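Enquirer: Sharing a structure with you now.
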Amino acid sequence: MKDPPTRYRPLLAALLVVVVGALAYSNTFHVPFVFDDEPSITENPLVWGVERFLGTREGYDYNPRRFVGYLTFALNYDLGGFDVRGYHAVNLAIHLVSALLVYALLRLIFRTPYFRGQGSGAGGQKVQFESQTSNLDSNLASLASWRFEPRTVVPLFAALLFVAHPVQTQAVTYVVQRLTSLCTLFYLLSVVLYVQARLRGGGALPGDACVAPMGRPWLWLAGSVLSAVLAMTTKEIAFTLPLAVMLYEVFFFRGPWKLRLLWLLPILATLPVVPLSVLTAGESAGEILSDVSEAARVQTDIPRSHYLFTQFRVIVTYLRLLFLPINQNLDYDYPIYTTFLTPPVFLSFLLLAALLLLALFLWWRSRPASPRPLTPDNRLIAFGLLWFFLTLSVESSVIPIVDPIFEHRLYLPSFGAFAAMSTALALLVAKLDRPSLCRGLTALAAVAVLALGVATWQRNRLWQDPVALWQDTAAKAPGNARAHINLGAVLGEAGRMEEAIDALSEAVRLAPEHVESYANLGAALASVGRLQEAIPALFRAVAIEPDNPDALNNLGTALTNVGRLDEAAAALSEAIRLGPEQARAWYNLGRLHVLAGRSAEAVAALERAVALKPDYDNALVELAEALNHVGRFREAAAALAPHLPRLAHRSDARLAFGVAAHCVGDRTGATRELGALRQLDPRQADRLASFLSRPCDEP
286 MKDPPTRYRP LLAALLVVVV GALAYSNTFH VPFVFDDEPS ITENPLVWGV
336 ERFLGTREGY DYNPRRFVGY LTFALNYDLG GFDVRGYHAV NLAIHLVSAL
386 LVYALLRLIF RTPYFRGQGS GAGGQKVQFE SQTSNLDSNL ASLASWRFEP
436 RTVVPLFAAL LFVAHPVQTQ AVTYVVQRLT SLCTLFYLLS VVLYVQARLR
486 GGGALPGDAC VAPMGRPWLW LAGSVLSAVL AMTTKEIAFT LPLAVMLYEV
536 FFFRGPWKLR LLWLLPILAT LPVVPLSVLT AGESAGEILS DVSEAARVQT
586 DIPRSHYLFT QFRVIVTYLR LLFLPINQNL DYDYPIYTTF LTPPVFLSFL
636 LLAALLLLAL FLWWRSRPAS PRPLTPDNRL IAFGLLWFFL TLSVESSVIP
686 IVDPIFEHRL YLPSFGAFAA MSTALALLVA KLDRPSLCRG LTALAAVAVL
736 ALGVATWQRN RLWQDPVALW QDTAAKAPGN ARAHINLGAV LGEAGRMEEA
786 IDALSEAVRL APEHVESYAN LGAALASVGR LQEAIPALFR AVAIEPDNPD
836 ALNNLGTALT NVGRLDEAAA ALSEAIRLGP EQARAWYNLG RLHVLAGRSA
886 EAVAALERAV ALKPDYDNAL VELAEALNHV GRFREAAAAL APHLPRLAHR
936 SDARLAFGVA AHCVGDRTGA TRELGALRQL DPRQADRLAS FLSRPCDEP
């Protein structure tokens with residue numbers, strides 16, 4: 286088949302990357318909110334709309350270090366509420382754009398002086414690089430049946446690995462980890478714009494058609510700085526961005542350092558952004574970098590030395606996942622290593638040190654001044670390895686983070702690893718210089734990308750079912766109490782209460798001093814009527830953490846169910862004082878007032894619950910019933926009417942609306958609800974028929 290014209294190759298490559306990524310994540314649009322999505326999005330009223338997020342300082346104050354990321358959640362809410370499809374569509378778009386930036390950044394490397402054949406030496410004198418044209422270009426040109434140039438092959442393969450690899454699923458499919466993927470997008474964009482500025486400002490060959498003028502270089506540089514700030518206000522891992530730009534400058538550009546520093550200074554000026562935000566936060570760096578909410582943490586703090594020893598092993602695990610993505614896990618039960626000389630730590634350190642030394646060796650030997658210098662392709666391998674270590678350094682060094690490992694932390698570093706892997710493969714193809722073997726390796730690479738894409742699709746199938754996801758997590762991390770807590774929660778939501786109690790009992794055994802274990806176990810026991818067991822568990826939760834609103838809310842609910850209304854009211858009132866935005870606590874307080882016969886107070890509490898969470902179905906129905914009870918029928922009908930299509934399966938909602946419709950003179954609506962109830966729940970239909978047979982003001 287005839288090769289496509291050169292000018293179309295980047296477009297075709299980009300299209301291929303997008304198609305592969307879209308297919309790999311095509312089954313994610315109905316993945317529900319999981320894990321930290323709930324406290325960060327569905328239970329966080331501050332991100333329920335841009336007006337609410339930006340209207341006061343509360344949105345900014347919630348997490349100023351990640352302001353941009355949370356702003357996108359507010360935008361998502363405005364566009365579709367809690368319809369998870371919109372959130373996944375944005376996450377996938379971010380992933381695809383990031384993959385295209387991987388492709389663009391690597392293509393730009395092949396346009397820099399080290400790959401174009403000459404550069405500016407010391408003092409501005411031009412020097413000719415000895416054998417500096419890429420070894421890949423010369424050898425691959427001899428292949429009659431495969432004519433993709435390395436500047437296309439390496440970027441394309443790296444971008445395909447990035448977009449299709451299953452290790453990326455946690456950063457893409459897990460909604461709240463948009464903070465990681467969006468930060469990576471801005472990070473890569475900042476580097477791309479910087480390189481474009483350099484190429485248009487004197488870093489390319491005169492007359493190079495690849496960098497035809499497209500605006501003044503300072504505009505590209507300004508865009509790079511803006512993108513850097515956006516990255517740094519999305520997630521703190523962007524702290525290394527100025528250092529990554531400097532790494533790129535050192536590796537692929539030449540010239541007097543006084544001149545080069547003028548280009549670097551605007552980017553380097555952003556270095557204090559993240560440290561200043563950390564210093565003003567009033568929290569430790571480890572708490573700030575933590576990937577889960579406070580309520581979900583079960584581990585204790587780790588000493589810096591122990592965390593560093595553990596990270597040697599963690600980084601080797603990351604490398605294993607990149608080469609062999611099996612036994613992936615949402616929430617690892619990773620051992621904490623306390624001694625450097627223990628074999629897993631020491632051997633991991635030796636491997637990482639060897640890789641780091643290899644990178645430095647390849648960089649040093651690929652200098653034009655070196656005797657018999659290596660080709661620039663080796664420099665690209667070194668750059669990829671150093672990028673990997675640099676971008677991991679924020680979360681995998683001496684700053685103790687509650688959780689030592691999470692797969693989404695690989696998202697940004699994986700660019701460097703995939704760049705090095707792709708270049709090494711291309712070098713191997715070039716050295717073989719045999720068309721049949723080259724075709725075989727090319728086919729093998731294509732099969733690898735296909736296999737990774739299928740593995741990603743399969744991993745995303747697991748994310749579709751929260752119960753299956755947490756069962757998988759708990760099975761792979763049997764000593765992780767948090768995995769059992771979350772398994773118990775999703776089993777409870779699925780109505781599998783006895784299984785939920787078993788999972789939560791195991792969590793209590795593993796973490797006897799963790800409030801969430803007892804709070805959730807007590808709620809599960811109460812839901813199946815085992816109140817005599819539930820209440821002691823909930824009192825234990827409150828004793829462990831007296832200012833935990835969830836524990837107080839669960840305790841108040843259980844006490845309500847056994848008729849201890851005064852104690853229940855005290856617990857629920859305290860839960861609301863500590864968490865005034867908790868819709869569930871307001872709803873439970875409203876229920877308590879209904880049972881106590883305090884209708885006006887019930888309406889006020891239930892209205893607050895609905896205001897905080899407009900799609901809170903139980904609160905909506907309870908509010909309509911309470912409004913009917915106090916004779917505010919028109920308000921009851923108005924509260925339910927917009928939600929009737931969603932509540933059509935609920936007989937209590939249809940009964941409440943039928944009563945309200947009858948009392949406001951809407952006989953058509955009342956008759957419709959009666960007919961629906963005859964099919965749905967004959968007992969409720971009889972109640973509504975009895976009510977419709979008499980004047981509305983009769984008791």
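Each residue of the sequence shown is one higher than the last, beginning at 286 in the working numbering. Don't be surprised by glycine CBs; every beta carbon is placed ideally from N, CA and C. This one's a predicted model, so the numbers in the text were calculated from it and none came from an experiment.
Spatial neighbours of V752 within its chain, please: C-beta separation below 7 Å, excluding the five flanking residues on both sides.
Expert: Cβ within range, chain order: V775, L776, A779.
Enquirer: Excluding the 5 residues preceding and the 5 following P349 in the sequence, name in chain order all residues of the same chain whose CB lies nearer than 6 Å to its CB.
Expert: Excluding sequence neighbours, P349 sits near nothing in its chain.
Enquirer: Where are the alpha helix (DSSP H) runs, 4 residues long or more, that stay fully inside the stretch 620-708, in chain order?
Expert: Taking only runs of at least 4 residues, the alpha helix (DSSP H) segments lying wholly in the stretch 620-708 are 628-650, 661-677.
Enquirer: Using a beta-carbon distance below 9 Å, is L823 in contact with chain C?
Expert: In the structure shown, chain C cannot be found, because there is only a single protein chain.
Enquirer: Assuming contact is defined by CB atoms lying nearer than 9 Å, are L364 and A307 in contact in what I supplied?
Expert: No.
Enquirer: Helix, strand or coil for G882, going by three-state DSSP, please let me know.
Expert: Correct three-state label for G882: coil.
Enquirer: Which term fits K543, buried or exposed, when burial requires 16 or more other beta carbons within 10 angstroms of its beta carbon?
Expert: Exposed.
Enquirer: Can you give me the C-alpha to C-alpha distance between L546 and M706, rounded to a whole angstrom?
Expert: Their Cα atoms are separated by approximately 31 Å.
Enquirer: Could you give the distance in angstroms between the alpha-carbon of P980 and the alpha-carbon of E958?
Expert: Whole-angstrom Cα-Cα distance: 18 Å.
Enquirer: Within 10 Å of its beta-carbon, does K716 have 16 or more other beta-carbons around it, so buried, or fewer, so exposed?
Expert: K716 comes out exposed.
Enquirer: Just reading off the alpha helix (DSSP H) that Q756 is part of, what are its end residues?
Expert: Here the alpha helix (DSSP H) through Q756 covers 751-761.
Enquirer: How would you label D757, buried or exposed, when you count the other beta carbons within 10 angstroms and need 16 or more for buried?
Expert: Counting Cβ neighbours within 10 Å, D757 comes out buried, since at least 16 surround it.
Enquirer: Can you find the residues in the same chain that come closer than 6 Å, C-beta to C-beta, to Q867, ignoring five residues on each side of it along the sequence?
Expert: Once the five neighbours on either side are set aside, the close Cβ partners of Q867 are P834.
Enquirer: For L441, collect the residues of the same chain with a Cβ closer than 6 Å to its Cβ; drop the 5 residues on either side in sequence, then sort them by chain order.
Expert: Around L441: A298.
Enquirer: Enumerate in chain order the residues of its own chain whose CB-to-CB distance from V335 is below 7 Å, with the five nearest sequence positions on each side excluded.
Expert: A359, L360, D363, listed in sequence order.
Enquirer: Who are the near neighbours of F338 in its chain, counting only those whose CB is closer than 8 Å to its CB and skipping five residues on each side?
Expert: The residues are L331, V332, G344, Y355, L356, A359.
Enquirer: Specify, as a first and last residue, the run of the alpha helix (DSSP H) that H315 falls within.
Expert: Run containing H315: none; DSSP gives neither H nor E here.
Enquirer: For S721, count the other beta carbons within 10 Å of its own beta carbon; 16 or more makes it buried, fewer makes it exposed. Which is it?
Expert: Exposed, because fewer than 16 other Cβ atoms sit within 10 Å of the Cβ of S721.
Enquirer: Using a Cβ distance threshold of 8 Å, determine whether the stretch 528-536 contacts the stretch 463-483, with at least three qualifying pairs required.
Expert: Contact holds: three or more Cβ-Cβ distances are below 8 Å.
Enquirer: Is DSSP giving N329 helix, strand or coil here?
Expert: Correct three-state label for N329: coil.
Enquirer: Tell me which same chain residues have a C-beta within less than 7 Å of the C-beta of Y617, skipping the five on either side of it?
Expert: Around Y617: I690, A762.
Enquirer: Buried or exposed: where does H315 fall if 16 or more other Cβ atoms within 10 Å of its Cβ makes it buried?
Expert: So H315 ends up on the exposed side.
Enquirer: My parser needs the beta strand (DSSP E) runs of 3 or more residues fully inside the stretch 889-930; what are they?
Expert: Runs of the beta strand (DSSP E) inside the stretch 889-930: none found.
Enquirer: Quick one: is P831 buried, meaning 16 or more other Cβ sit within 10 Å of its Cβ, or exposed?
Expert: The residue in question, P831, is exposed, as its Cβ has fewer than 16 Cβ neighbours within 10 Å.
Enquirer: Could you give the distance in angstroms between the alpha-carbon of A497 and the alpha-carbon of L484?
Expert: Per-residue confidence for A497 stands at a pLDDT of 44, beneath the threshold of 50, marking its modelled position as unreliable; no derived number is given.
Enquirer: Indicate whether A904 and V915 have their beta-carbon atoms separated by less than 9 Å.
Expert: Contact: no.
Enquirer: Checking 9 Å against the spacing of the C-beta atoms, do A826 and G807 come in under that value?
Expert: For A826 and G807, yes; Cβs fall inside 9 Å.
Enquirer: Is it a yes or a no for the stretch 635-645 touching the stretch 655-671, going by three-plus beta-carbon pairs under 8 Å?
Expert: Yes: at least three Cβ pairs fall under 8 Å.
Enquirer: Give me the Cα-Cα distance between S884 and R917, rounded to the nearest whole angstrom.
Expert: Their Cα atoms are separated by approximately 11 Å.
Enquirer: Comparing alpha-carbon positions, which option in A856, L470, R351 lies nearest L385?
Expert: Considering only alpha carbons, the answer is L470.
Enquirer: Using 10 angstroms around the beta-carbon of F646, count the other beta-carbons present and answer buried if the total reaches 16, otherwise exposed.
Expert: Per the 10 Å Cβ criterion, exposed.
Enquirer: Applying the 10 Å Cβ sphere with the 16-neighbour rule, what's the burial state of R893?
Expert: With 16 or more Cβ atoms within 10 Å of its Cβ, R893 is classed as buried.
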